[in-house]
Amino acid sequence: MELFLQRLFDAVSNGSTYALVAVALVLIFKATTLINFAQGEMGMLGAFFALQLWLWGVPMWIALVLAMILSAILAAGIERVLIRPFDPADHLPLVIITLGLFLVINAVAAIVWRFDPRSFPNLFGDGNAISIGGANLGWYTVGTIITVVGVLVLLQLLLTRTKIGLAFRAVSSNLESSELVGIRVGPTLQFGWALAAAVGTLAAAVFVANPVRQLEPSIMLRVLIFAAAAAALGGLDSLWGAVVGGLSIGLVQSVIVQYLNQWFSFPTTMSLAAAVVVLMVVLLVKPAGLFGTAAVERV
Amino acid sequence: MNARWTILAGSPQHRTYKLVTWTLFALFVFLVAFAYVDVGSISIGDNTYNISLIRLNKAVAFAVAILGLQVVVGYTGQLALGQSFFFGMGAYIAAWLVADKDWPVLLTLLIVIPACFLVGVILGLPALRIKGLYLALVTLGMAQVFPSLVKLESLQDYTNGSGGKIADIGLEPPGWIPFDGIAEFLQGIPLLGGYFGDGPIPEKQEERLWKFFLFMLVAGICFWLVANLIKSRPGRAMRAVRDNETGAAVSGIDLAQTKTLAFGVASALGGVGGVIYVAELGIASPDDFTQLVAINFIVGLVVGGVGTLSGAAVGGLIIAIVPDWASGTQSVAFIPERWLQGPTGSVVLGILLIILTFFLAGGVVAGARRLKARIVQIVPQPPSGGSRPPVSTAVADDAADSTDSSTVEVG
């Protein structure tokens, strides 16, 4: 029972970060029906910004907010220069551009900050909030849950209560019609990218703030697949779906795979493979995911 | 735009043209092999750029893997990007057969090709429903899983885990090839002789040369087979699926069959590339088959030219050489030295990828063809097979221009 609880807590803590990255993926998908393969790397770069600012003496939370703003500006620039010139319906060039970004950002971070892992300041304080028997719920996990819920509530407010949020929803629901009613589509999509980058930076920072992890350029490689599986499971255009998906993928990784390991000696290194399988099964059985809107293909 | 020379497809001139260009190409490859068999390097300032057959051999392996991507991405339009999975699979099967079963390395192709084809077909089955970006996501995920797959404890006996599987390749050149004689002859050529080193070729380098020619032969067969596949009925079906899937289905093309075939062929080619890779290096280690390698293959595909066969060769060369040369660049004016250490090759490749997507969507090959079209143009036969006069009048020039995009190219 204790073991189960501990695994459940781990699942929630991992799942929350997957949920955050998935939210970033969903934001860009909603805006441009594009999966940003560079999302993980952009988040990693943002986390490095935050770390660097913190090392220069800026208080941690302010450094994090500054890094989020910085990466949002960067992403807005990327959208304007590299993404907007292409036809959103033609996937190959866009996939290639994001893969190019992936290579460049990953390598630049490795050149600037080197490959050696650095410990990231603990955002949420040490110690355990609750201990039930041997199972500990750390403040870190509590912090990540609060962050996810906070981000989602803020996003929901932003999308439903502000003018740009309304424009964003209009564009993601029907690009041409919203252009016809006078919404400036370009800047609205740019706003989506900036928002996604900010959330992605927060996600990466929260992910590496876990005392067991350290920040290094390849830290988000695996996370992207987990997050993509989460986003697909929840439905690629649903924000709350991304959270549900993230928590489910966390459960798969930290509970199901662990029990499979215990009972059938299923290797734990295969948790990534499990995520890929989940991704595949979702796309095969219900491509729209749990909460997404089904796509209609016209000829 | 008028070409300087216009050649009618299928005419005797065309045949001569093909023969001459291919002979020149073969001669060029032959000379390069002998010139750079010893580890040659060019120095510019403080930077050294190595040119040697080791890199060319790697380039051949990459080119075959990218050829596979051409079939599935370039010609069938399916974003199956996890080629490093099959590249690694071929490499590991070959390494295992050579090391533990004492197979000659080229014979392992007999197992690798069907195995990779089969796995490609099986993993391709879900792809019949998963499309576009989603397929890209799944296949990249698969590519990422591969290293942890070979490190599995239950496969330890076959793959030797993270240490890598060492295989004694032992491709000894047969005695009847007079390497020394050829080298002596080349060294005797006035003016150019100096490029071919001096004295007889050491045994180690003879082996390398032999490997290079063998690999080129294997790769050449692959390219030839794929060229024929693309021109055949299944190949036309693939291109139809790429251009308009629904339209292709309506025209009676079996989508499932066509796509599955494309996946199978692509995976098999990935496997062949892997065999060549392991035959060159003598070791298959998990770090050589990461997701980054899969992305490098895509760089090769795009930079070479999507949907062209020669693009695969160019792409293979680029991804084999650029990272190496980038790390050889240790000093550039105005750039602090610190910025030149680390994975600069990936930066260059990534920037190359983005720039080419913007300015030269067809890759290097498209650019080269545009240049070539100014010099030589190959015009298809008029459909009647009649006696159209040789192209020299203004009318015929117009006709040549209008068929520009559909000009059939060889190679």
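Here the protein sequences line up with chains W and A, keeping their order. According to this note's numbering, the first sequence is numbered sequentially starting from 1. According to this note's numbering, the second sequence is numbered sequentially starting from 1001. Using N, Cα and C, we set each Cβ at its ideal position, and we do this for glycine too.
{"Check": "Selection of the segment 102-131 of chain W by Cβ proximity to chain A, strictly under 9 Å", "Outcome": "F102, L103, V104, I105, N106, A107, V108, A110, I111, V112, R114 and F115"}
{"Check": "For G138(W), the first and last residue of its enclosing alpha helix (DSSP H)", "Outcome": "Element bounds for G138(W): not the alpha helix (DSSP H) but the beta strand (DSSP E), A135 to G138."}
{"Check": "Beta carbon proximity, K1151(A) to chain W, threshold 8 Å", "Outcome": "yes"}
{"Check": "Proximal residues of chain A, C-beta to C-beta of V95(W) below 9 Å", "Outcome": "L1079, L1081, G1132, L1133, A1136 and I1298"}
{"Check": "Chain W within 8 Å of R1129(A), Cβ atoms only", "Outcome": "yes"}
{"Check": "Counted within 10 angstroms of its Cβ, other Cβ atoms place E1337(A) as buried (16 or more) or exposed", "Outcome": "exposed"}
{"Check": "Bridge partners - S131(W), DSSP secondary structure assignment", "Outcome": "N136(W)"}
{"Check": "Per-residue contacts from V185(W) into chain A (C-beta, under 8 Å)", "Outcome": "What V185(W) touches in chain A: nothing, since even the nearest Cβ is about 20 Å away."}
{"Check": "Contact set between M270(W) and chain A, taken where Cβ atoms lie within less than 9 Å", "Outcome": "V1145, S1148, L1149 and L1152"}
{"Check": "8 Å Cβ cutoff, P59(W) in contact with chain A", "Outcome": "no"}
{"Check": "Touching by the beta-carbon criterion (3+ pairs, under 8 Å), the segment 8-17 of chain W and the segment 248-259 of chain W", "Outcome": "yes"}
{"Check": "P211(W) vs N122(W) beta-carbon contact at 8 Å", "Outcome": "yes"}
{"Check": "Contacting positions in the segment 257-269 of chain W - beta carbon closer than 8 Å to chain A", "Outcome": "P267 and T269"}
{"Check": "For L103(W), the nearest candidate out of F1358(A), G1363(A), A1361(A) and G1345(A) (CA to CA)", "Outcome": "G1345(A)"}
{"Check": "CB contact check: A228(W) to chain A, cutoff 8 Å", "Outcome": "yes"}
{"Check": "Proximity test, Cβ basis, 8 Å: S1346(A) and chain W", "Outcome": "yes"}
{"Check": "Residue(s) in a DSSP beta bridge with I1044(A)", "Outcome": "N1047(A)"}
{"Check": "Within chain A, the residues that I225(W) reaches when beta carbons sit closer than 7 Å", "Outcome": "G1141 and Q1144"}
{"Check": "Beta-carbon spacing of V1072(A), A1266(A) below 8 Å", "Outcome": "yes"}
{"Check": "Alpha helix (DSSP H) segments (min. 4 residues) lying fully within the segment 1276-1334 of chain A", "Outcome": "1291-1304 and 1309-1328"}
{"Check": "Extent of the continuous alpha helix (DSSP H) to which V1121(A) belongs", "Outcome": "L1109 to G1124"}
{"Check": "Helix, strand or coil at K1151(A) according to DSSP, with G and I counted as helix", "Outcome": "coil"}
{"Check": "Check: G150(W) C-beta below 7 Å from any heavy atom of the ligand HEM", "Outcome": "Only the bare structure without any ligand can be found here, which leaves the ligand HEM out of the picture."}
{"Check": "Closer than 8 Å to chain W by CB, Q1070(A)", "Outcome": "no"}
{"Check": "Proximity of I1130(A) and A1115(A) at Cβ, strictly below 8 Å", "Outcome": "no"}
{"Check": "Alpha carbon of S1406(A) to alpha carbon of Q1377(A), nearest angstrom", "Outcome": "Bear in mind that the predicted position of S1406(A) carries a pLDDT of just 42, short of 50, making it too unreliable to give a figure here."}
{"Check": "Closest residue to D1168(A) among T1076(A), V1272(A), L1106(A) and S1251(A) (Cα-Cα distance)", "Outcome": "L1106(A)"}
{"Check": "Which listed residue (L51(W), V81(W) and M60(W)) has its alpha carbon closest to that of Q190(W)", "Outcome": "V81(W)"}
{"Check": "Nearest neighbour of L215(W), chosen from A275(W), A227(W) and A109(W) [CA to CA]", "Outcome": "A109(W)"}
{"Check": "Reduced DSSP secondary structure (H/G/I, E/B, other) of L8(W)", "Outcome": "helix"}
{"Check": "Contact set for F1213(A): own chain, Cβ-Cβ below 6 Å, skip 5 residues either direction", "Outcome": "none"}
{"Check": "Rounded separation between L1079(A) and R7(W) - CA only", "Outcome": "36 Å"}
{"Check": "Near-chain W residues of the segment 1300-1318 of chain A (beta-carbon distance less than 8 Å), N- to C-terminal order", "Outcome": "V1302 and V1306"}
{"Check": "Any chain W beta carbon closer than 8 Å to G1282(A)", "Outcome": "no"}
{"Check": "Alpha carbon of Q52(W) to alpha carbon of A129(W), nearest angstrom", "Outcome": "29 Å"}
{"Check": "7 Å CB neighbourhood of A1268(A) in its chain, flanking five on each side removed", "Outcome": "I1113, C1116, F1117 and G1120"}
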